[in-house]
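Novice: So the sequences go chain by chain: B and D. Positions 0 to 200 (numbering that gives the first Met the number 0) are the ones given, in order, by the first sequence. Positions 0 to 467 (numbering that gives the first Met the number 0) are the ones given, in order, by the second sequence. Dropping the structure in here first, questions after.
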Amino acid sequence: MKPVRTITGTMVPLDRADVDTDQIIPQQFLKRIERDGYGDFLFYNWAHTDDGTPSSDFIINRPDRRGAKVLVAGPNFGCGSSREHAPWAIQQWGFDAVITPSAADIFRNNSSFTGLLIVELAAEAVGRLMDLAADPAAVVTIDLETQTVAADGIEEHFDFDPTAKVRLLQGLDGIGVTMTHDDVIASHEASRPSWLPTSVG
Amino acid sequence: MSTPRTLFEKVWDSHVVVDSDPALLYVDLHLVHEVTSPQAFAGLTASGRTVRRPDLTVATVDHGIPTTGRSLGIRDPLSKKQVDALIQNCRDHGITMFGIDDPRQGIVHVVGPEQGLTEPGLLIVCGDSHTSTHGAFGALAFGIGTTEVEHVLATQTIWQARPQTMAVEVEGTLPWGVAAKDLILGIIAQIGVSGGTRHVIEYRGQAIRDLSMEQRMTICNMSIEGGARAGMIAPDETTTRYVEGRPFAPKGADWDAAVAAWESLATDPGASFDKVEVLDAGALVPHVSWGVNPAQTVPVTGHVPSPDSYSDPQQREAAVRALEYMALRPGTAIADINIDHVFLGSCTNGRIEDLRAAAKVVEGRKVDDRVSAVVVPGSMQVKAQAEAEGLSDIFERAGFSWRDAGCSSCLAMNPDVIPSGDRCASTSNRNYEGRQGRGARTHLVSPAMAAAAAVSGHFVDVREWQLS
Ligand code: SF4
């Protein structure tokens, strides 16, 4: 994972509540065995007509939105299925961050591993950013180090899981970090009761 | 006396390897399926790592496999590639796999309990949000993403921020004709689709204790639809009776030790929860979803609501969009909604008791001419048992198609796609836009309600039917 520090760019507003991961990336695109190739299918059913042509009125298809870095979304964003393909698709389209009043637990967690920055702000602050994002040229800056969001007339602090913060700032490999705890894992393992099930019968 | 603890706290505490926040937790059972694992195995291989505990890992195929014509193989080349990747990965790493020809194959959340791998007090993860199902046994079970799947494969542990606790107290008794599915839909309607975010729910109260294991699984399964990290129910005699004698369950002296440990798991008197919700089971009725999220439900006796009935502007806006997608008008009686398809199955309602409840409704009746109805058992074991009990005959005589086990139309990754514009009464868990196929319109119901709708061609209140 590449380190994530500051993100500066234009925004796309998506003012809908409870956007589930089935909308972010529909099931028919989950058949790949690779981690890439999902960007074109972001919000596929909303972004395409029945015959598969891109709908020019869906916001991410508008030419002046290409190159946007930050998705400003409604509450409970990323609910539903645990598919990590959701953050993959969002990042591979070109977004580096999502600003929302609240993200669903698994989606927030997954994003902390894929390098998609999830910024949770009060609904009122997200509302102001949503208004600002109506202008395709409006720019926002998110600084993970200081946990701040800044845009025209807006300056907000956000909370962030400290462990995920270190991982993102340094672009760490999670498994490598865990393996430094190998001795305690092994001793916990040795203390497990013998009747616990195994899958080898 | 030590501080009273909840069921969740006891299971959490006994799995802590590194006591920080987030904590590093030991995983007792890692369930794997074909859709969310290939990238994890590839990552493992690329970094030269191995699977730490193949003996605590088990795989099955369910999401993308066909439910008919299996002897012909998987025709969709991409789905085939996914299944082949899982076969190869399990072979390379020595992981037990219930493949497409295995009599134990089925939906991952049906197979774990059925094989006795799911047991009280365990910490269980799977790259699938409905892992919450296993909480019905008093296990702490939650869904994870693919990066975490790789992490668990390599280390048998997972980092987790400590969730808050929420008690859902369900008092009273479920009335006749009201199913566990109606209860969980009622709970979600009360707490909302994000009411459980950052929480682990413990379902408690007389109505919960009265439920069978399979009904409890239906409840815990849909915890994620309420946004919760997990759902749990304290193990009791119902639990031990269900687990005893299953293939991977402890035997002999191990069994006695296990049961003794399980008996101490229940929430201590005086333990407190961060949040409490109370519900009266006696007031519940069969529910039907009208919208595109699992909180958008109404009683079968009710009507499609008007967006104006929502005070929150965002929810009102969501209702407008949901009505448009579902092609429904406010004020339409639920009983006047005609359906084109019935899907009986999924990890929510694809178990033997679900099929029995539906068969009881269907027996001696015919599926309406306008309806295409299928039964997809949750596992091949469920299928075999239903056949032995004569349920398959009842379904087939009525005009249902009787299939092999898998996720099928629950998410339509296999050929069982509901056509655009068609309306499906479904026993699954998600009525999201496009979930059963682009443009497909899903109504979530219980197995008995789905069966009655199949026969009638529209929704009916199954409580009004004379059933033996
Ligand atoms: S049956 Fe549906 S919800 Fe359950 S695991 Fe399969 S796809 Fe997921």
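Even glycine gets a Cβ: it sits at the ideal position worked out from N, Cα and C. The model shown is predicted, which means the values in this text are computed figures rather than measured ones.
Given a limit of 8 Å on CB to CB distance, which residues of the segment 39–59 of chain B reach chain D?
Specialist: In summary, the residues of the segment 39–59 of chain B whose CB is separated from some CB of chain D by less than 8 Å are Asn44, Asp49, in the order they occur in the chain.
Novice: Taking only beta-carbon positions, decide if serine 193 of chain D is within less than 8 Å of chain B.
Specialist: Locating residue 193 of chain D in the second sequence gives position 194, counting from the first residue. Yes, serine 193 of chain D counts as interfacial toward chain B.
Novice: Going by DSSP, which residues form a beta bridge with tyrosine 202 of chain D?
Specialist: Numbered from 1 along the second sequence, position 203 holds the residue referred to as residue 202 of chain D. Answer by DSSP bridge pairing, in chain order: D/Val167.
Novice: Buried or exposed for serine 13 of chain D, please, with buried defined as at least 16 other CB atoms from any protein chain shown within 10 angstroms of its CB.
Specialist: Numbered from its first residue, the second sequence carries residue 13 of chain D at position 14. Buried, because 16 or more other Cβ atoms sit within 10 Å of the Cβ of serine 13 of chain D.
Novice: With 9 Å as the C-beta to C-beta threshold (strictly closer), list the residues of the segment 7–39 of chain B near chain D in chain order.
Specialist: Asp14, Arg15, Ala16, Asp17, Asp19, Thr20, Asp21, Gln22, Pro25, Gln26, Gln27, Leu29, Lys30, Arg31, Ile32, Glu33, Arg34
Novice: Taking only three categories from DSSP, how would you classify tryptophan 464 of chain D?
Specialist: Taking the first residue of the second sequence as 1, we reach residue 464 of chain D at position 465. Coil.
Novice: Within 7 Å: the Cβ of asparagine 428 of chain D and any heavy atom of ligand 1?
Specialist: Here residue 428 of chain D refers to the residue found at position 429 of the second sequence. Checking every heavy atom of ligand 1 against the Cβ of asparagine 428 of chain D, one is found closer than 7 Å.
Novice: Looking at chain B, is there any beta carbon in it that lies within less than 8 Å of the beta carbon of asparagine 292 of chain D?
Specialist: The residue you call residue 292 of chain D lines up with position 293 of the second sequence. For asparagine 292 of chain D, the answer is yes, since a Cβ of chain B falls inside 8 Å of its Cβ.
Novice: Say whether chain D places a C-beta atom closer than 8 Å to the C-beta of methionine 129 of chain B.
Specialist: Here residue 129 of chain B corresponds to residue number 130 of the first sequence, with the count starting at 1. With 8 Å as the cut-off, methionine 129 of chain B does not count as an interface residue toward chain D.
Novice: With aspartate 17 of chain B and alanine 317 of chain D assumed to form a contact (beta carbons below 8 Å), what rounded beta-carbon distance in angstroms separates them?
Specialist: Mapped onto the first sequence, residue 17 of chain B falls at position 18. Mapped onto the second sequence, residue 317 of chain D falls at position 318. About 7 Å; that satisfies the 8 Å criterion.
Novice: Does aspartate 127 of chain D come out as helix, strand or coil in the three-state DSSP assignment?
Specialist: Taking the second sequence and counting its residues from 1, the one referred to as residue 127 of chain D is at position 128. Look at aspartate 127 of chain D here: in three-state DSSP terms it is coil, with no helix or strand label.
Novice: Alpha carbons only, please: which of B/Thr162, B/Pro161, B/Asp160, B/Thr145 is nearest the one belonging to glutamate 252 of chain B?
Specialist: For residue 252 of chain B there is no data in the structure shown, the boundaries of chain B being 0 and 200.
Novice: Using alpha carbons as the reference points, say which of D/Leu28, D/Gly194, D/Gly389 lies closest to proline 196 of chain B.
Specialist: Here residue 196 of chain B corresponds to residue number 197 of the first sequence, with the count starting at 1. Minimum Cα distance to proline 196 of chain B is reached at D/Leu28.
Novice: Terminal residues of the continuous beta strand (DSSP E) containing lysine 274 of chain D?
Specialist: Counting from 1 along the second sequence, the entry for residue 274 of chain D is found at position 275. 274–279 is the span of the beta strand (DSSP E), which, as asked, contains lysine 274 of chain D.
Novice: What's the C-alpha gap between histidine 198 of chain D and valine 26 of chain D?
Specialist: Sequence index remark: in the second sequence, residue 198 of chain D carries index 199 (1-based). Sequence index remark: in the second sequence, residue 26 of chain D carries index 27 (1-based). Histidine 198 of chain D and valine 26 of chain D: Cα-Cα distance of roughly 19 Å.
Novice: So, is glutamine 87 of chain D buried or exposed, given that buried needs 16 or more other C-beta atoms within 10 angstroms?
Specialist: On the second sequence, residue 87 of chain D is found 88 positions in, with the first residue counted as 1. Its Cβ having fewer than 16 others within 10 Å, glutamine 87 of chain D is exposed.
Novice: Name, in chain order, the residues that DSSP records as bridge partners for histidine 442 of chain D.
Specialist: By one-based count along the second sequence, residue 442 of chain D stands at place 443. D/Ala424, per the DSSP bridge assignment.
Novice: With respect to the alpha helix (DSSP H) encompassing histidine 187 of chain B, which residues constitute its N-terminal and C-terminal limits?
Specialist: If you number the first sequence from 1, residue 187 of chain B lands on position 188. Histidine 187 of chain B -> alpha helix (DSSP H) spans 181–189.
Novice: Using a C-beta to C-beta distance shorter than 7 Å, which residues of chain B count as neighbours of serine 128 of chain D?
Specialist: For this step, residue 128 of chain D is matched to residue 129 along the second sequence. Those are Gly79, Ser80, Ser81, Ile105, listed as they occur along chain B.
Novice: Taking 8 Å as the CB-CB cut-off, is proline 2 of chain B touching chain D?
Specialist: Locating residue 2 of chain B in the first sequence gives position 3, counting from the first residue. Output row for proline 2 of chain B: interface = no.
Novice: Could you tell me if the beta carbon of leucine 29 of chain B falls within a distance shorter than 7 Å of some heavy atom in ligand 1?
Specialist: The count along the first sequence starts at 1 and reaches residue 29 of chain B at position 30. No; taking the cut-off as 7 Å, the Cβ of leucine 29 of chain B has no heavy atom of ligand 1 nearer than that.
Novice: State the Cα-Cα distance for the pair histidine 133 of chain D and threonine 7 of chain B, rounded to the nearest angstrom.
Specialist: Taking the second sequence and counting its residues from 1, the one referred to as residue 133 of chain D is at position 134. Taking the first sequence and counting its residues from 1, the one referred to as residue 7 of chain B is at position 8. Going by the C-alpha atoms only, they are around 43 Å apart.
Novice: For lysine 180 of chain D, count the other beta carbons within 10 Å of its own beta carbon; 16 or more makes it buried, fewer makes it exposed. Which is it?
Specialist: As a working note, residue 180 of chain D is residue 181 in the second sequence. So lysine 180 of chain D ends up on the buried side.
Novice: Can you check whether the C-beta of isoleucine 174 of chain B is within less than 8 Å of a C-beta belonging to chain D?
Specialist: Numbered from its first residue, the first sequence carries residue 174 of chain B at position 175. Residue-level contact by beta carbon holds for isoleucine 174 of chain B and chain D, with a gap shorter than 8 Å.
Novice: Got a sec, what are the start and stop residues for the beta strand (DSSP E) serine 211 of chain D sits in?
Specialist: The residue given as residue 211 of chain D occupies position 212 in the second sequence. According to the DSSP assignment, serine 211 of chain D belongs to no beta strand (DSSP E), since it is labelled neither H nor E.
Novice: Using 10 angstroms around the beta-carbon of valine 287 of chain D, count the other beta-carbons present and answer buried if the total reaches 16, otherwise exposed.
Specialist: Translated into positions along the second sequence, residue 287 of chain D becomes position 288. With 16 or more Cβ atoms within 10 Å of its Cβ, valine 287 of chain D is classed as buried.
Novice: Could you check whether the Cβ of isoleucine 105 of chain B sits closer than 7 Å to any heavy atom belonging to ligand 1?
Specialist: In the first sequence, the residue the question calls residue 105 of chain B occupies position 106. No, ligand 1 has no heavy atom inside 7 Å of this Cβ.
Novice: Run the proximity test for histidine 108 of chain D: is its beta-carbon closer than 7 Å to any non-hydrogen atom belonging to ligand 1?
Specialist: For the purposes of this step, residue 108 of chain D is taken as the residue at position 109 of the second sequence. Histidine 108 of chain D: yes, Cβ under 7 Å from ligand 1.
Novice: Under three-state DSSP, which class holds methionine 221 of chain D?
Specialist: To locate residue 221 of chain D, count along the second sequence from 1; it is residue 222. Helix.
Novice: I want to check one thing, is the minimum distance from the CB of leucine 343 of chain D to the heavy atoms of ligand 1 below 7 Å?
Specialist: By 1-based counting over the second sequence, the position of residue 343 of chain D is 344. Checking the Cβ of leucine 343 of chain D against ligand 1 gives no.
Novice: Against chain D, which members of the segment 153–169 of chain B pass a CB distance test of less than 9 Å?
Specialist: Contact annotation: in the segment 153–169 of chain B, residues whose CB is within less than 9 Å of a CB in chain D are Asp160, Pro161, Thr162, Ala163.
Novice: State the CB to CB distance for the pair threonine 296 of chain D and alanine 188 of chain D, rounded to an integer number of angstroms; the pair is presumed to be in contact (CB under 8 Å).
Specialist: Walking along the second sequence from the start, residue 296 of chain D turns up at place 297. Walking along the second sequence from the start, residue 188 of chain D turns up at place 189. Yes, they are in contact, since the Cβ atoms of threonine 296 of chain D and alanine 188 of chain D sit about 6 Å apart, within 8 Å.
Novice: Answer yes or no: does any C-beta atom of chain B fall closer than 8 Å to that of glycine 34 of chain D?
Specialist: Here the question's residue 34 of chain D lines up with position 35 in the second sequence. The sequence given here places valine at residue 34 of chain D; glycine does not occur at that position. By this cut-off, valine 34 of chain D is an interface position.
Novice: Measuring alpha carbon to alpha carbon, tell me which residue in D/Arg350, D/Pro119, D/Met379, D/Ala411 is nearest aspartate 235 of chain D.
Specialist: Numbered from 1 along the second sequence, position 236 holds the residue referred to as residue 235 of chain D. Comparing Cα positions, the closest option is D/Pro119.
Novice: Does the beta carbon of cysteine 219 of chain D fall short of 7 Å from some heavy atom of ligand 2?
Specialist: Among the ligands modelled here, namely ligand 1, ligand 2 does not occur.
Novice: For chain B, check one thing: does any of its Cβ atoms lie closer than 8 Å to the Cβ of threonine 146 of chain D?
Specialist: Against the second sequence, residue 146 of chain D aligns to sequence position 147. Cβ-Cβ to chain B under 8 Å: yes for threonine 146 of chain D.
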